[in-house]
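In our numbering, the protein residues as written are 1 to 210.
Every residue, glycine too, gets a C-beta built ideally from N, C-alpha and C.
Everything on this sheet refers to the single structure shown next.
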Ligand SMILES: [Zn+2]
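Below is the structure:
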């Protein structure tokens with residue numbers, strides 16, 4: 001199972017740890033700059049689109065470095081956009097108490113983490129929950145139906161696909177709706193935790209409600 005890793009190149013230690021953590025549980029993290037030159041024959045934007053297309057999941061690491069330059073931010077936003085066009089689940093790993101500088105306009109999951117430390121167990125369990133749930137196939141089918149109704153329909157369709165999956169580990173993760181912007185996503189943090197919504201950038205406390 002391929003996981004495209006969207007990140008800042010300055011986060012070398014973090015990415016090394018991500019590769020190790022996912023590798024030991026039998027995932028194939030795709031880190032663009034690691035690929036041999038022969039796999040990067042076309043323009044970067046085309047290569048990246050193809051790689052995301054071949055991936056089941058996209059992990060985005062929203063560190064301080066990710067927001068530090070327009071260049072990095074532009075590429076992360078491009079990767080996010082491609083993921084939305086291809087209906088890939090996008091999992092945002094966001095620093096706790098780190099106000100986002102720029103919105104992310106498409107994602108399915110928000111995982112609060114304490115950068116620069118990486119919680120390996122959480123990282124692995126997020127990946128595993130997608131693998132074992134069959135949610136990818138069902139989510140994809142739902143998204144296909146939903147796509148008749150445009151991008152919002154595609155997203156609803158995606159969640160519809162997830163919610164109809166029996167005994168899915170993902171079903172245990174609450175789908176929340178931001179009270180400020182109404183964007184819905186799975187939230188992997190604990191009840192009572194404060195976080196910034198990546199879509200509207202407002203901070204709020206998750207009180208355990210949907
Ligand atoms: Zn919001």
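Let me confirm a value: residue i is counted as buried when at least 16 other C-beta atoms fall within 10 Å, else exposed. Which label applies?
i           : result
residue 7   : buried
residue 197 : buried
residue 13  : exposed
residue 95  : buried
residue 87  : buried
residue 44  : exposed
residue 35  : exposed
residue 72  : buried
residue 79  : buried
residue 49  : buried
residue 89  : buried
residue 68  : exposed
residue 179 : exposed
residue 99  : exposed
residue 129 : buried
residue 41  : exposed
residue 132 : exposed
residue 9   : exposed
residue 26  : exposed
residue 168 : buried
residue 20  : exposed
residue 205 : exposed
Using three-state DSSP, classify residue i as helix, strand or coil.
i           : result
residue 57  : strand
residue 2   : strand
residue 184 : strand
residue 105 : coil
residue 168 : coil
residue 84  : helix
residue 28  : strand
residue 73  : helix
residue 51  : helix
residue 35  : coil
residue 138 : Legend: pLDDT at residue 138 = 48, less than 50; position of this residue unreliable, value from coordinates given subsequently. Residue 138: helix per DSSP, three-state reduction.
residue 118 : coil
residue 21  : helix
residue 8   : coil
residue 127 : helix
residue 190 : coil
residue 265 : Coverage of the chain is limited to positions 1 through 210, which leaves residue 265 absent and any answer about it impossible.
Can you name the residues that DSSP bridges to residue i?
i           : result
residue 204 : 195
residue 112 : 94
residue 176 : 185
residue 62  : 94
I'd like to know if residue i contacts chain B, where contact means its C-beta is closer than 7 Å to some C-beta of that chain.
i           : result
residue 176 : No chain B appears in the structure shown, which is made up of a single protein chain.
(message) Please output, in chain order, the residues near ligand 3 using a CB cut-off of less than 6 Å to any non-hydrogen atom of the ligand.
(response) Among the ligands present in this structure, namely ligand 1, ligand 3 is not found.
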